[in-house]
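These protein sequence lines map, in sequence, to chains A and B. So for the first sequence, the numbering used here puts the first residue at 1; every next one is plus one. So for the second sequence, the numbering used here puts the first residue at 1; every next one is plus one. Ideal placement from N, C-alpha and C gives every residue a C-beta, glycine not left out. Worksheet for the structure shown next.
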Amino acid sequence: MLKKRISANVIVRNGIVVQSINFKKYLPIGKPAIALEFLNQWGIDEIVLLDITAGIQNGKPDFGMVKKASVKCYVPLTVGGGINHLDHVKELMHCGADKISLNQATLHNKQLVSDTAHTFGNQCVVVSIDAVESSKGYLVYDHVTKQAMPTLTVASHAKQMEGLGAGEIFVNSVDRDGSYKGYDLNLINEVCDAVNLPVICSGGAKNANDFLKVLEDTNASAASAGNFFFFTEHSVTTTKAVVRKQKDVRLETFITYSNSNFDDEFRLLKKKDSELEDMLYVEIKKEVI
Amino acid sequence: MKQPNIVIIDYGVGNTHSVFNAINFLGYKKVKISDNPEIIKKADLLILPGVGAFDEAINNLKQRGLEPILGEEVLGKKKPILGICVGMQMLASFSEENGLHAGLNWIEGTVKKLELPDGFAVPHVGWNNLEIIDNTLFSNNNMENIHFYFDHSYYFESKDSSVSAYCDYGIKITAAVQKDNIYGVQFHPEKSQVNGLKLFRRFFTLIDNA
């Protein structure tokens, strides 16, 4: 049976991974290659690498950065930012990308969506939609002009992109971005109802419970978070250990935390001294691949 | 460890670099991404990667003159080849993606669009477990709890005798095929973490036992 996915957004600005807050403030985290290597080791199901300055500075993706970043990434890697030509897509596939995320092109260069789908197949095209809540419902937000599109609703945009050949919809709530308020379930339900495509949701995750909630209360096939994963050791593994108690997710890392306890904020609790003492003498063999 | 010559066939579309990264991790040094006939002829093992639409993939392969060369190496000299995703689908007789197109016809079967019950989104994206029929490529005993990454809208419908694994996504989907020295997997071993890397290792050691 197909498992729900826990995915990570890695936001890159000027070649450095950053923490993003409301699409306005950015705090530095570190090198993309290291972020991807750790996420991979901790058992992430998928990584979405978004370069938010690529398009603005050069009009093309930062191929060198992607090539370096992907070396130790053995899970699917979706790359977005600055893609406005089919040649960019081809080049990215030679730099370690497996899927392409299109955002600006879906607003201003729709031909690229169908061209990419036709050449690389629908499954390669992830349409990324930034959403803001307004009195007219959820509207598509243009992160370059920093304004909502006044007449374009998220649901109708998603539907149109499905028609053009999108294979997945990545929906990000601008209002919840970096807010730790939890996922916007109404938004995600609206998108899931509009299309018959896998939906990846993002924006607002604070702890494992938020992942559980969105996977139980919506049809999203993947829940993604950025900031949340960067600040604690084994964050992905511990999140999955909690989610897996109620929802079917893949947990195949060497360390699983299956028998660990968590507090109300889903932080790992210290084991009893007696258990730790016993563990001193447990032999853990290195996994041979 | 033996160092066989491994060639990842470059036909323009396909995530060649991801496959390269994965094989590199395993410690194989003689790995090339190429469409050069001379390099392909020197290979001990071939990989046909895939991310692409069927017609683009097969047309590119034919335009680069790779069909007769691969035919000679694989059917004539019996070199092991592993097709991944659309690379696996190209082994089929026909595909119905974007119109009817002829494949390499190395393993009898047709590539068809996924027609799924309500509630199953297309493409089939994510981690799924397998039902193993033949374990040549799969080393572990506990396959029910081992997942591979799938991402496709079309699937390979083939005779049961050439299918080595199925997966379940509303319908039974061919996950792996196998005939003599020809292997194909619908999922992406280069993107299936440890289990995918193990599958590559298993494939590369096939020639040790031959």
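- Taking 4 residues as the minimum length, the alpha helix (DSSP H) runs contained wholly in the stretch 46-113 of chain B are 54-63, 66-71, 86-89, in order along the chain.
- For R13 (chain A), the beta-bridge partners assigned by DSSP are A:I16.
- Per DSSP, the continuous alpha helix (DSSP H) segment holding I56 (chain A) begins and ends at 54-58.
- The beta carbon of L86 (chain A) lies closer than 8 Å to those of L112, D115, T116, T119 in the same chain, with the five residues before and after it left out.
- In this structure, L102 (chain A) lies away from F63 (chain A), with their beta-carbon atoms at least 8 Å apart.
- Distances from the alpha-carbon of M143 (chain B) to those of B:K159, B:S164, B:E157 put B:S164 closest.
- In this chain, the alpha helix (DSSP H) harbouring M93 (chain A) covers 86-93.
- Per DSSP, the continuous alpha helix (DSSP H) segment holding Q111 (chain A) begins and ends at 110-120.
- In the structure shown, E216 (chain A) falls within a helical segment according to DSSP collapsed to helix, strand and coil.
- Not a single CB atom of chain B sits nearer than 8 Å to the CB of L39 (chain A).
- In this structure the stretch 227-246 of chain A lies against the stretch 207-216 of chain A, because at least three pairs of beta carbons, one per stretch, are closer than 8 Å.
- The DSSP-derived three-state label of A121 (chain B) is coil.
- The residues L48, P49, G50, in chain order, have a CB closer than 6 Å to that of G87 (chain B) in the same chain once the five nearest residues on each side in sequence are set aside.
- For the stretch 228-254 of chain A, the set of residues with a beta-carbon nearer than 7 Å to any beta-carbon of chain B comprises R250, E252, in chain order.
- In this structure, the beta-carbon distance from V177 (chain B) to S162 (chain B) falls below 8 Å.
- Counting only the Cα atoms, E283 (chain A) lies some 39 Å from T16 (chain B).
- Remark: C-beta atoms of G82 (chain A) and K60 (chain A) approach each other more closely than 8 Å.
- Using a Cβ-Cβ cut-off of 8 Å, E131 (chain B) does not count as an interface residue toward chain A, since no Cβ of chain A sits closer than that to its own.
- G27 (chain B) is classed as exposed because its beta carbon has fewer than 16 other beta carbons within 10 Å across all chains shown.
- Assignment of R5 (chain A) by DSSP, reduced to helix, strand and coil, places it in the strand class.
- Under DSSP, G126 (chain B) forms a beta bridge with B:F150.
- Excluding residues up to 5 positions away in sequence, L36, N40 lie with their Cβ nearer than 6 Å to the Cβ of C73 (chain A) in the same chain.
- At a beta-carbon threshold of 7 Å, none of the residues of chain A lie near Q63 (chain B); the nearest stands roughly 14 Å away.
- Under the Cβ criterion of 8 Å, E162 (chain A) is not counted among the residues facing chain B.
- Within the same chain, Cβ atoms closer than 7 Å to the Cβ of F187 (chain B) are found at F148, Y149, F150, A175, the five residues on either side in sequence being excluded.
- Per DSSP, the beta-bridge partners of D51 (chain A) are A:V12.
- For H147 (chain B), the C-beta contacts it makes with chain A under 8 Å involve K3, R250, E252, in order along the chain.
- Taking the Cα of D55 (chain B) as reference, the smallest distance to any Cα among A:T53, A:A97, A:G121 is reached at A:G121.
- For E168 (chain A), the enclosing beta strand (DSSP E) begins and ends at 168-173.
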